Amino acid sequence: MSIITRDPETAAKEVFDLIILGGGIYGAMLCLEASLRGLRPLLIERDDFGEFTSFNSLRLIHGGFRYLQNFDLKRLMESVGERRFFLRNFPDLVKPFPCLMPLYGHGLHRPFILRIASLVYDILSRNRNQNVQSDRHIPPGRIVDSEETKEIFPSMNSEGLKGGVVWYDALAEDSQLLLMEILRLSAEYGTTALNYIEAIELLKTNNRVSGVRAIDHENSELCDFNSSIVINACGPWCRDLAGRFDRDEPDLFRSMLAWNVLLDRKPLSSDHGLGVVPNKPGSRTLFIVPWKGKLLAGTGHAPWLKNEKDPMPTREQIEGFLDDLNHAIPKLDVGLKDVLRVFPGLQSAKKTGGIDFAVREVILNHADHDGPRGLYSISGVKFTTARRVAEKTLKRIFPEKKVPNNLKTNIPRSHQKVGIDRGILDFDMPADFHDLKWEDALKT
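Counting from 1, position 203 in the sequence shown corresponds to residue 203 in the working numbering; the numbering is continuous, with no gaps.
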């Protein structure tokens, strides 16, 4: 088993092929893809690895079924491929996850339309189980009648119910452990990863990147790390760092607030996720996932124009979100008293102050705009497609570097029995799900 060794002093004496800033899922996947290509990456993270956006996700690995409604076949096929990647290489941490959406005969949510959609999706995703172990295969989708829908979810509103559609995504119940296993795997192939190190200055010679100057938050010492390539993968803070190292790039990331909520309720189904649409104009689909014996629901969205490290939805925003849940499932009847924890984050929006999702990643070469040569910034839109974005990024920067054929399908891991060495992180959820940040928010 590869151990991630924190040794800034030794790292400062080396010259790396690239330095990656940001230890979320995008930074971790950049490390993995770079190391598989024979490159030597250095990852720098100012806090815990995967502390913020990656940890606060709904823990779903999407297969792209929902992209059919917009005929976005490119995103659909990318999602199918990336779900397959996770199931192939991390079958101990990612499993097929059935999802059910009740159908009431409104708009596109009609059984005959979803039957066709399921058939089309199954044809398009016919290679979804290639080289995946049999117990992690994704079954075909199906239409179920109203009786089976109610059997799966007894709490479902039965008035006008026509049936349901079942499709399969994948679930990573412990997204933090998955991220750490990706980092451990990349370390086996040559990655150096350092947490509690914050890059504060881009080092340049004649407008060419030569590395970064950083502060070690363990001892407050400054250290320089050397590389001619620096990739800014700081998630919601990528635009801030781009502005400090070069100039502000508004197209890189426009923030909107997003959150998932853990509710003190038993799962509505033992093994299915539920997709529901509140009976209100302009409502979005909400998802409910059984998680650690409770209900995890998401995702709420709101405009975000602030510049805070720890964004949190307001009491009123959470009340509105819970009201939407109750409209979709009247028998649920949840209120603020049922909220155990809020998982907040910032997602990329199409426009400033909006809540429409950005649908494509951004890969920015700062030299294209007279910025430092060797500085790149990226932002993505989904946990699921982080590896694909990493692949695209590295193909642009190192077109001559390829992943060896023997590593393209399944990446050998030195171990697959994880959990005993997970470690304790300061944002881990205690057994009673106590959340001081959320309790403080309730008081305001």
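We put the beta carbon where it would ideally sit given N, CA and C, even for glycine.
Bear in mind that the values here come from a model prediction, so they are computed numbers and not experimental data.
What's the C-alpha gap between residue i and residue j?
i: F226; j: R396; result: Looking at the sequence shown, residue 226 is not Phe but Asn. Cα to Cα, N226 sits roughly 21 Å from R396.
i: R360; j: E391; result: 15 Å
i: C223; j: N207; result: 21 Å
i: D271; j: E82; result: 22 Å
i: Q347; j: L32; result: 23 Å
i: V276; j: A386; result: 26 Å
i: L114; j: S414; result: 42 Å
i: G335; j: R84; result: 37 Å
i: K294; j: L171; result: 15 Å
i: D333; j: V209; result: 56 Å
i: S158; j: L36; result: 51 Å
i: A453; j: W304; result: Nothing about residue 453 can be read from this structure; the chain reaches only from 1 to 444.
i: E147; j: F86; result: 34 Å
i: E9; j: V289; result: 43 Å
i: S379; j: Y26; result: 8 Å
i: L93; j: N131; result: 17 Å
i: R239; j: I152; result: 44 Å
i: E181; j: G107; result: 42 Å
Quick one: measure Cβ to Cβ for residue i and residue j, integer angstroms, because I've assumed they're closer than 8 Å.
i: I355; j: H301; result: 4 Å
i: F287; j: L39; result: Going by Cβ atoms, the distance from F287 to L39 rounds to 37 Å, so no, they are not a contact pair.
i: K266; j: P372; result: With a Cβ gap of about 54 Å, K266 and P372 do not count as contacting.
i: S155; j: I329; result: 6 Å
i: T191; j: P41; result: 5 Å
i: P313; j: L257; result: 6 Å
i: N195; j: D310; result: Not confirmed; about 18 Å, so no contact.
i: L43; j: G23; result: 6 Å
Consider the Cβ of residue i: report whether some Cβ of chain C lies at a distance smaller than 7 Å.
i: S175; result: The structure shown contains no chain C; it holds only a single protein chain.
In chain order, what residues of the same chain have a beta carbon less than 8 Å from the beta carbon of residue i, not counting five sequence neighbours either side?
i: V483; result: The first residue shown for the chain is 1 and the last is 444, placing residue 483 beyond what the model contains.
If you follow the beta strand (DSSP E) that residue i is in, where does it begin and where does it stop?
i: L295; result: K294 to P303
i: N207; result: Run containing N207: none; DSSP gives neither H nor E here.
i: I378; result: L375 to S379
i: D169; result: G163 to L171
i: I138; result: Unbroken run through I138: none, as it is neither H nor E.
i: I288; result: L286 to W291
i: G282; result: Note, G282: premise wrong, no beta strand (DSSP E); not H, not E.
Excluding the 5 residues flanking residue i on each side, which residues of the same chain have their C-beta closer than 7 Å to its C-beta?
i: V144; result: G163, G164 and V166
i: I420; result: Since pLDDT at I420 reaches only 40, below the 50 mark, its modelled position is unreliable, and the value read off the structure follows with that caveat. If we look at I420 and ignore the five residues flanking it on each side, it has no Cβ neighbours.
i: N56; result: N260, F343, P344 and G345
For the alpha helix (DSSP H) containing residue i, list its first residue and its last residue.
i: M180; result: S175 to E188
i: R387; result: A386 to I397
i: L325; result: R315 to A328
i: S348; result: Run containing S348: none in the alpha helix (DSSP H); it sits in the beta strand (DSSP E), V339 to S348.
i: I4; result: Element bounds for I4: n/a, residue is neither H nor E.
i: L149; result: According to the sequence shown, residue 149 is Thr rather than Leu. First-last of the alpha helix (DSSP H) with T149: S146 to I152.
Using C-beta distances below 6 Å, list every residue in its chain close to residue i, excluding the 5 sequence neighbours before and after it, in chain order.
i: V381; result: S348 and A358
i: S79; result: H62, G63, G64 and T384
i: Y376; result: I231 and N365
Problem set entry | Runs of beta strand (DSSP E) wholly within the segment 8-71 (minimum 3 residues, chain order) | 18-21 and 41-45
For this session: Could you tell me which uninterrupted beta strand (DSSP E) segments, each at least 3 residues in length, are contained entirely in the segment 83-114, listed from first to last along the chain?
Result: 95-103
For this session: At 4 residues or longer, and completely inside the segment 205-266: list those alpha helix (DSSP H) runs for me, N to C.
Result: 238-245
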